[in-house]
Structure formats: structure tokens, C-alpha cells
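Per the numbering used here, the sequence shown starts with residue 1488, numbered consecutively.
What follows is a single structure, written as C-alpha cells, with notes after it.
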Amino acid sequence: MRNFKGPLASIALIAAGILAALDSAGQTPEQQQLWDAQRAQALAAEKAREERAGRERAARKADPMAWFRTLNPMTAGGWEFRALAGDGAWAAYSTTHQMKRSGKTVTVWLRQEYAEPQMNNGTPYLSVVEKAQYDCVKEQERPLLVIYYSSNNIQGSEQTEETDPKSAAWNAIVPGTRAESNFLWVCSADKSASHN
């Protein structure tokens, strides 16, 4: 059972108690027993899921590369490994395929893989690719197209978010973040490509 704290938790517990009382008032003893058994079964299943997820997190933290090795590098798409979280929670890739420069702006594709489901508008995903623009002079970036995939290695069902470049807002590059790491790679890769 989860530990609730604070006034919202108290309200939630009171509301749950009232709903349980209302439900049980209109139920027969057999219905109440069935409901109690189903609730106990659901709680046991949730506890088992949480314990399994905890063991998987501990294993990834002990050996982050174990999960990483299960990912497809997808070299045909030019994907190159960029970074791995210290606890094995995510891996980042980039590609120079379709990298384009327009003045000081560079457009590039990035890929992120997750060990556990993430959420986008209530829909879980394990893999995401992003077409992003970077301003190498003003040190800012903006996403143009983001595609979320339900499975790793950009597989499974997908959900797409696209932004019109004319109205897409620029975001500052925050030092010490993945955004800065991507920015440094994009702008240095663009410089080396322009010298060839």
C-alpha cells in the first residue's frame, strides 16, 4: 500500500472510504467478497510488478551495458551511439544522415531509447526519434518533428507530433544537460562536415 502524506492525501483517503462505503451498502455479502478478492488480487499483481521493476532497475544499475546490448544499433540508418545513463535508464543515438545546414541553423535526427515505458499524453512509449534544429550561433534548439514508438528500436505503434518551423519556439541550451550534449555534437559535426 502506498504511503500518502499531506491534505490532498487525507482527502483522497476520505473519498475512497466514502466510495467503498457506498459500494458496499448496495452489495450483497457475496458481491462484497468477490470485490474484496478482486481488489486483493489486483493489489498483489501490482506489488509483484513493482518488485519485478525494482529488481530490473537494480540489475541495470549494476550493469547498464546489459540492457544497452539488447538494443539494435540500426547502423543502416547511420545511427551512432552518443550516451548511456549511468543507471541504464536510457540510451541516446544520433545520425548524420539527412543532416542539413541553412546558414547558422543545423537540422538533425536524434534517437532516444528507454528501459522503462515513458508517457506522452497518456500513451506509453519506449523509443522516440526527433527531428530538431540547432542554432549554432545563438546556442538554442527547437523540435520540429517527434515520433514516439511503443517498442524499443523505433518499432511498434507510433504517435507523431509535428511543429511548423515558422511557429516553433526556440529553447535555450541549458549547461550540463542532454540538450547541451546534443548541441555540442550537432554543431561540431556540422563544422567538421563543412570542412570536408
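Even glycine gets a Cβ: it sits at the ideal position worked out from N, Cα and C.
As the structure is a computational prediction, the values presented were derived from the model and not from experiment.
Check: I'd like the ranges of any beta strand (DSSP E) spanning at least 3 consecutive residues and lying wholly in the region 1540-1567.; Outcome: none
Check: Does residue 1586 have its Cβ less than 8 Å from a Cβ in chain C?; Outcome: Note that chain C does not occur in the displayed structure, where there is just one protein chain.
Check: What span of residues does the beta strand (DSSP E) with residue 1660 cover, start to end?; Outcome: Run containing residue 1660: none; DSSP gives neither H nor E here.
Check: Give me, in chain order, the residues of the same chain whose beta-carbon lies closer than 6 Å to that of residue 1554; leave out the 5 immediate sequence neighbours on both sides.; Outcome: 1547, 1575 and 1602
Check: Using a Cβ-Cβ cut-off of 6 Å (strictly less than) and excluding sequence neighbours within five positions of residue 1644, which residues of its own chain qualify?; Outcome: 1637
Check: From which residue to which residue does the beta strand (DSSP E) around residue 1611 run?; Outcome: 1610-1622
Check: Might you give, ordered along the chain, the residues of its own chain that have their beta carbon closer than 7 Å to the beta carbon of residue 1564, omitting 5 neighbours on each side?; Outcome: 1582 and 1584
Check: Expressed to the nearest angstrom, what Euclidean distance is found between the alpha-carbon atoms of residue 1673 and residue 1529?; Outcome: 47 Å
Check: Residue range of the beta strand (DSSP E) that residue 1602 falls in?; Outcome: 1592-1607
Check: Please report the distance separating the alpha-carbon of residue 1567 from that of residue 1588.; Outcome: 20 Å
Check: Verify whether the separation of the beta carbon atoms of residue 1664 and residue 1621 is less than 8 Å.; Outcome: no
Check: Is it right to say residue 1616 is buried, meaning 16 or more other beta carbons lie within 10 angstroms of its own, or is it exposed?; Outcome: buried
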